[in-house]
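So for the sequence shown, UniProt numbering puts the first residue at 1; every next one is plus one.
Built from N, CA and C at the ideal position, the CB exists for glycine as well.
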Amino acid sequence: MGVPAFYRWLAEKYPMVIVDVIEEEPVVIEGVQIPVDTSKANPNNIEYDNLYLDMNGIIHPCFHPEDRPSPTSFDEVFELMFDYIDRLFVMVRPRKLLYMAIDGVAPRAKMNQQRSRRFRAAKDAADAATEEERLREEFEKEGRKLPPKEQSQTFDSNVITPGTEFMAVLSIALQYYVHLRLNNDPGWQNIKVILSDANVPGEGEHKIMSYIRLQRNLKGYDPNTRHCLYGLDADLIMLALATHEVHFSILREIVFTPGQDKCFLCGQMGHVAANCEGKAKRKAGEFDEKEAIVAKKPFQFLNIWTLREYLEYEMRIPNPPFEIDFECIVDDFIFMCFFVGNDFLPHMPTLEIREGAINLLIAVYKKEFGGYLTNGSTINLSRVEHFIQAVGSYEDKIFQKRARLHQRQTERIKREKAQARRGDDTEPQFQPESLVAVSRFHGSRLASAPTPSPFQQSGRYNSHVSSSVRKDNKEASERPQKVARLSSGAIVAAAIIEAESRVEIEAQDNKDELKSKLKEILREKSDVFNSKNAEEDKIKLGEPGWKERYYEEKFSAKTPEELAAIRKDVLGATTAHPCKFEFGGSAGGGGVKANSE
Numbered sequence: 001m002g003v004p005a006f007y008r009w010l011a012e013k014y015p016m017v018i019v020d021v022i023e024e025e026p027v028v029i030e031g032v033q034i035p036v037d038t039s040k041a042n043p044n045n046i047e048y049d050n051l052y053l054d055m056n057g058i059i060h061p062c063f064h065p066e067d068r069p070s071p072t073s074f075d076e077v078f079e080l081m082f083d084y085i086d087r088l089f090v091m092v093r094p095r096k097l098l099y100m101a102i103d104g105v106a107p108r109a110k111m112n113q114q115r116s117r118r119f120r121a122a123k124d125a126a127d128a129a130t131e132e133e134r135l136r137e138e139f140e141k142e143g144r145k146l147p148p149k150e151q152s153q154t155f156d157s158n159v160i161t162p163g164t165e166f167m168a169v170l171s172i173a174l175q176y177y178v179h180l181r182l183n184n185d186p187g188w189q190n191i192k193v194i195l196s197d198a199n200v201p202g203e204g205e206h207k208i209m210s211y212i213r214l215q216r217n218l219k220g221y222d223p224n225t226r227h228c229l230y231g232l233d234a235d236l237i238m239l240a241l242a243t244h245e246v247h248f249s250i251l252r253e254i255v256f257t258p259g260q261d262k263c264f265l266c267g268q269m270g271h272v273a274a275n276c277e278g279k280a281k282r283k284a285g286e287f288d289e290k291e292a293i294v295a296k297k298p299f300q301f302l303n304i305w306t307l308r309e310y311l312e313y314e315m316r317i318p319n320p321p322f323e324i325d326f327e328c329i330v331d332d333f334i335f336m337c338f339f340v341g342n343d344f345l346p347h348m349p350t351l352e353i354r355e356g357a358i359n360l361l362i363a364v365y366k367k368e369f370g371g372y373l374t375n376g377s378t379i380n381l382s383r384v385e386h387f388i389q390a391v392g393s394y395e396d397k398i399f400q401k402r403a404r405l406h407q408r409q410t411e412r413i414k415r416e417k418a419q420a421r422r423g424d425d426t427e428p429q430f431q432p433e434s435l436v437a438v439s440r441f442h443g444s445r446l447a448s449a450p451t452p453s454p455f456q457q458s459g460r461y462n463s464h465v466s467s468s469v470r471k472d473n474k475e476a477s478e479r480p481q482k483v484a485r486l487s488s489g490a491i492v493a494a495a496i497i498e499a500e501s502r503v504e505i506e507a508q509d510n511k512d513e514l515k516s517k518l519k520e521i522l523r524e525k526s527d528v529f530n531s532k533n534a535e536e537d538k539i540k541l542g543e544p545g546w547k548e549r550y551y552e553e554k555f556s557a558k559t560p561e562e563l564a565a566i567r568k569d570v571l572g573a574t575t576a577h578p579c580k581f582e583f584g585g586s587a588g589g590g591g592v593k594a595n596s597e
C-alpha cells in the first residue's frame with residue numbers, strides 16, 4: 001500500500017532523483033513484429049545485474065487495466081502479465097538475476113489492515129451489484145433493452161489473496177512463462193530466475209529485501225552489484241535505503257490522475273494541451289468502430305544513489321557533538337518517515353506529508369540532535385521521546401490551520417452544490433468550436449441548416465452515421481436506377497440487418513447510460529461532504545480536550561490511569577515493531593529490543 005504522497009513529495013523536493021526511462025520499441029517489418037534483442041546494451045546507459053519484481057504491482061493493474069477493457073478470464077490476465085513483464089525486462093535488461101516475488105501470508109499487523117480493506121472492497125462490490133440490479137429492473141419496466149450481464153472470472157479482485165485458486169494457477173502460469181523465455185529469448189540465456197510465489201510467507205518486497213541482505217552476507221559478494229526493483233509502493237524507497245546499497249534504482253510507472261494525460265482542448269489522449277496541434281481525431285477503422293490505441297504509460301527510474309547525496313546535504317547537523325556517520329543518519333530518516341505513514345500501524349493524525357510533515361520532522365531532528373534515534377533495529381527510547389515531544393509542540397497549530405482549511409473547503413463545496421441545484425452553473429465555461437460556430441452566425445443563412453451536425457445530436461461525432469449518410473446521398477444522386485433494380489429479397493435482408501444493428505446500438509447506449517447512472521449513485525453515497533451521510537466528529541481535533549476524547553474514542557480509555565497505560569503501550573508499539581520490520585525483515589513482524597539509555 002505504501003506511504004501516501006511520499007513519492008510526489010520526493011520528486012518535487014529532490015527532482016534530480018527521477019530519470020525518465022528510454023524504452024526501445026519492437027520494429028514492424030512487412031507486417032511482422034521483430035522483438036527487441038535484450039542481449040544488446042541497455043539504451044539507458046546503465047547495465048543492471050539484478051531485477052526484482054514486486055508482482056502484486058503487476059497483478060492488480062492487469063486485473064483492472066486503464067488502457068483497455070477489463071479481462072474476463074484468468075487466461076487474459078496472464079497474457080497481460082506476460083506482456084508487462086516482457087516490457088519491464090526490455091527496459092532493465094538484467095545480466096545476472098530476475099527475482100519475481102508474489103505476496104504470501106502477511107504479518108499480523110499488515111493482515112489486520114488487509115482484512116479491513118478487503119472487507120470494504122467486498123461490501124462495496126455487493127452494494128454496487130444490488131444497485132445495478134435495481135437499475136436494470138427500472139430499465140426493463142420502461143421497455144429499454146439491455147445486453148445480458150457479463151460473467152467474468154476477474155469480477156472480484158479479492159481473489160488476489162494467498163490460498164485462492166487464482167494464486168495457485170498463477171504460479172503454474174508464471175513457471176510456464178519462465179521456461180518459455182529461457183528457451184527462446186537471447187536476453188534470458190545467462191540469467192538466474194527465482195520465483196517466490198504465494199506459498200512463501202511474507203510480502204513480496206520484504207522477501208526481496210531478505211534475499212538482498214542474505215546475499216550481502218555471503219563471501220565474495222560484489223558491493224558494486226547494480227539492483228533495480230520494480231514496484232508502485234512508496235515504501236520500496238525506504239526498503240532500498242535500508243539496504244545501504246548504493247547502486248540501487250526503483251522502477252515505476254508515471255501515475256497520472258484521471259484525465260491528467262488527456263488534452264482538454266481537443267479531448268484526445270496521448271498529449272496535453274501545451275503540445276496540442278489542433279488536429280482532428282483520426283478514424284480507427286472505416287467507421288471509427290475500432291478502439292483508439294492508448295499511448296503506453298512512460299516509466300521512470302528513481303536512483304537511490306542520487307537520493308543519498310540529497311539526504312547527506314539536507315540532513316547536515318550544525319556543530320555536531322561527535323563525528324557523524326551518514327549511514328546512521330539514513331536509518332534515522334527512515335525511522336522518522338514511519339510517523340507520516342506505513343503499512344502496519346494506524347496513521348498518526350497530526351502529520352500529513354501534503355502539509356509539510358517530513359520537512360517539519362527533518363527541521364526538528366537537526367535542531368534537537370543529541371545522538372542517533374536508532375542503531376540498526378534498536379531504538380533509543382529516551383531520544384525518541386524527546387524528539388516526539390519537540391514535534392508535538394507544533395500539534396495544536398497544525399490542527400487549527402487544518403480546521404480553517406477544512407471549514408473553507410466544506411463551505412465552498414456546499415456553495416457549489418447549492419448553485420448546481422438552482423441551475424446557476426449550467427452554462428459550460430468552454431465549448432468546442434464545432435458547437436459555438438452556429439451561434440456565431442445567428443440570424444444568417446449559415447445558421448439555418450435543417451439538420452444539426454452529428455456533434456449537436458449526440459455530444460460526440462458519430463462517424464458511422466455521417467459516412468453512411470454521405471454514401472447514401474452519393475449513390476442516390478449518381479445511380480438512382482441501381483436502387484430500382486434491387487430485388488425485394490435484398491431490400492428485406494438489408495432492412496433486417498439495419499433493424500438488428502439499430503437494436504444493438506440502442507442496447508449499448510442503454511448499457512452506457514446504466515453505467516453512468518450507477519457511477520453517479522455510488523459516488524453520491526460515498527460523498528463525505530454529503531450532509532445526509534456525514535458522520536459526527538466526536539474527537540474534534542484541535543479543540544480543548546481533544547486528546548482525552550481521542551483515546552476514549554480509539555482505545556476506550558476513560559480514566560487518567562487507563563490513559564497513561566495506553567499511551568505507554570502505544571509508544572512502545574509505534575517505535576519498536578516498524579523498525580524491526582523494516583530493517584530486520586521479520587516475516588512475523590515481531591518485537592524488538594528497546595534501549596532506554
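Outcome for residue i when other beta-carbon atoms lying within 10 angstroms are tallied against a minimum of 16
i, result
"Asn-224", "exposed"
"Asp-331", "buried"
"Ala-41", "exposed"
"Phe-78", "buried"
"Asn-56", "buried"
"Cys-110", "Strictly speaking, residue 110 in this sequence is Lys, with Cys absent from that position. Per the 10 Å Cβ criterion, buried."
"Glu-561", "exposed"
"Asp-54", "buried"
"Gly-220", "exposed"
"Arg-383", "buried"
"Ala-234", "buried"
"Asn-342", "buried"
"Thr-559", "exposed"
"Val-255", "exposed"
Rounded Cβ spacing between residue i and residue j (contact assumed at less than 8 Å)
i, j, result
"Pro-94", "Leu-51", "4 Å"
"Asn-359", "Gly-371", "Actually they are not in contact, since the Cβ atoms of Asn-359 and Gly-371 sit about 22 Å apart, beyond 8 Å."
"Val-193", "Leu-98", "5 Å"
"Gly-187", "Ser-39", "5 Å"
"Phe-166", "Phe-74", "6 Å"
"Ala-106", "Ile-208", "Not really, about 15 Å apart at Cβ, beyond 8 Å."
"Leu-302", "Ile-18", "6 Å"
"Leu-522", "Ala-128", "6 Å"
"Leu-518", "Glu-131", "6 Å"
Neighbourhood of residue i by C-beta, 8 Å cutoff - its chain only, sequence neighbours within 5 removed
i, result
"Pro-318", "Lys-366"
"Gln-508", "Pro-147"
"Val-21", "Asn-44, Met-91, Leu-251, Pro-298, Phe-299, Gln-300 and Phe-301"
Secondary structure of residue i, DSSP reduced to three states
i, result
"His-227", "strand"
"Arg-144", "coil"
"Glu-253", "strand"
"Ile-539", "coil"
"Lys-482", "Note that Lys-482 scores 48 on pLDDT, short of 50, meaning its location in the model is unreliable and no value can be drawn from it."
"Lys-558", "coil"
"Asn-190", "coil"
"Leu-373", "coil"
"Ile-379", "strand"
"Asn-303", "strand"
"Asp-20", "strand"
"Phe-322", "coil"
"Ile-413", "helix"
"residue 619", "In the structure as shown, the chain starts at 1 and stops at 597, and residue 619 therefore has no counterpart that could be examined."
"Leu-195", "strand"
"Val-178", "helix"
"Gln-29", "Note that residue 29 is Ile in the sequence shown here, rather than Gln. Ile-29: strand per DSSP, three-state reduction."
Beta-carbon contacts of residue i that lie in its chain and below 7 Å, excluding the five residues immediately before and after
i, result
"Pro-26", "Gln-33, Ile-34, Pro-35 and Val-36"
"Val-92", "Tyr-48, Leu-51, Cys-228 and Leu-251"
"Ala-357", "Val-340 and Leu-351"
"Gln-429", "With a pLDDT of only 49 at Gln-429, under 50, the local geometry of the prediction cannot be trusted, and the value read off the model is given with reservation. Counting only Cβ-Cβ distances below 7 Å, and skipping sequence neighbours, we find nothing."
"Asp-537", "none"
"Asn-510", "Phe-139, Arg-144, Lys-145 and Leu-146"
Cut-off 6 Å between Cβ atoms - residues of its own chain near residue i, not counting five sequence neighbours on either side
i, result
"Gly-542", "Phe-399, Gln-400 and Ala-403"
"Ile-304", "Ala-240 and Phe-248"
"Leu-563", "Tyr-551 and Ala-557"
"Ala-11", "Ile-18"
### Any alpha helix (DSSP H) of 4 or more consecutive residues that is wholly inside the stretch 33-105
56-63 and 74-92
### Query
Quick one: complete beta strand (DSSP E) runs, 3+ long, within the stretch 198-243?
227-230
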